[in-house]
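Notes to accompany the following structure.
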Amino acid sequence: MNLLYLPYLLLFGAIALSWLPPHPTWRWQPARIVATCSLAAAMSTGLLDWPGLVICLLCWLLIHLSAQAQLAAGWRALSCLGSALLVLGMASHLLPGFHNLQLISAVRYAPDSLPFTLYANFDKGYAGFLLLSYLSPRVTSCAQFLTDARRSLLLSIGAIAAVMTLACILQLIRWDLKWTPDIVIFLAVNLVLTCVAEEAFFRGFLQQKLSQQLPVTYPGAVSIVIIASIFGMLHAGGGWLYVLVATLAGIGYGWIYLRTGRIEMAILTHAALNLTHFVCFSYPKLTT
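Positions 273 to 560 (the working numbering) are the ones given, in order, by the sequence shown.
Right, dumping it as structure tokens:
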């Protein structure tokens with residue numbers, strides 16, 4: 273096995289272990305032990321430099337403080353703000369010390385599609401793990417998971433259909449059914465390093481905090497629209513039509529999160545939408 277994959281495998285494991293119920297007598301939970309090993313492996317393989325390690329540890333500290341209910345409100349608010357800014361910097365790859373592994377390089381899946389490059393973004397994935405571990409409401413049993421799945425299935429299908437339809441109407445994509453070995457890599461990286469991170473940040477953190485603070489009649493609905501708009505704006509690199517599509521997707525994920533009160537179905541809907549886009553339509557989008 274290429275040792276460059278070891279930090280990612282450990283990070284994937286830490287994210288999976290986040291669903292273990294906390295043990296009442298363990299000071300350190302297994303997920304956080306494995307996440308610490310992931311940092312050590314990233315340093316030893318050159319995936320992280322010292323600035324990157326400091327950023328990861330600072331992010332860990334701020335998110336930990338954000339989750340402390342006994343902390344004074346002012347300090348907790350500052351911790352939340354610092355966490356949000358640091359996570360955005362890590363997710364946008366604006367901070368130094370990270371050398372993410374490139375998995376797919378400028379591949380065209382159709383003559384009229386833009387080339388696609390995929391990185392395994394350790395910085396974004398690590399921030400996602402911390403948000404998931406400390407701040408995102410999660411299911412605690414299989415029965416709870418199945419209940420959430422039943423409650424959100426039709427909504428998830430409707431959200432995916434609406435987003436894909438809008439993207440086709442706006443001529444961002446067209447029908448382009450394909451099967452390529454890259455699908456396995458895409459699904460693993462997109463689910464764990466992209467969807468977990470984005471849903472933990474936008475829904476489990478921002479939408480949750482905002483809905484608790486808004487002095488309005490329907491804080492849940494208003495927070496969905498606000499956070500989905502921010503989610504859409506952060507996709508502005510793809511153009512304003514792409515912002516509209518991403519905003520609609522954000523409304524769907526937010527609605528599912530509000531309906532279930534937990535993060536899993538929002539993550540899975542996000543991953544299913546991205547996989548549908550990859551397999552069935554132009555990816556990432558048409559050239560014109």
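Cβ atoms here follow ideal geometry from the backbone N, Cα and C, with glycine treated the same way.
Checklist entry - Taking the C-alpha atoms as reference points, what is the distance between H295 and I445? => result 47 Å
Excluding the 5 residues preceding and the 5 following Y525 in the sequence, name in chain order all residues of the same chain whose CB lies nearer than 7 Å to its CB. E471, R475, A538, T541 and H542
Practice task
Run the proximity test for F388: is its beta-carbon closer than 8 Å to any non-hydrogen atom belonging to the ligand MG?
Solution key: With respect to small molecules bound, the structure shown includes none, and the ligand MG cannot be examined in it.
Element boundaries [alpha helix (DSSP H), containing V468]: Counting along the chain, the alpha helix (DSSP H) containing V468 begins and ends at V468 to E471.
Problem set entry | Buried or exposed by the 16-neighbour rule on C-beta atoms within 10 Å, applied to V517 | buried
- Message: Based on DSSP bridge pairs, tell me the residues matched to S413.
- Response: According to DSSP, which records beta bridges pairwise, S413 is partnered with nothing at all.
- Query: From F503 to F550, what distance separates their C-alpha atoms?
  - Reply: 20 Å
DSSP bridge partner residues for F388 (one or two, in chain order) | Partner(s): V379.
| Simplified DSSP assignment, three categories, for L558 | strand
Legend entry - CB of D384 within 9 Å of CB of T519, strictly: no
**Request:** Determine which residues share a DSSP beta bridge with F370 and list them.
**Result:** L320
Check: Within this structure, are the beta carbons of D321 and P387 separated by less than 9 Å?
Finding: no
Between the Cα of Q374 and those of I432, L427, Y277 and C440, spot the shortest distance and give me the residue it belongs to. Y277
**Asked** Terminal residues of the continuous alpha helix (DSSP H) containing D454?
**Response** D454 -> alpha helix (DSSP H) spans D454 to V461.
Note to self: Buried or exposed, going by whether 16 or more other CB atoms sit within 10 Å of the CB of W347?
What the structure shows: exposed
TODO: With a 10 Å radius around its C-beta and 16 neighbouring C-beta atoms as the bar for buried, classify T389 as buried or exposed.
DONE: Burial call: exposed.
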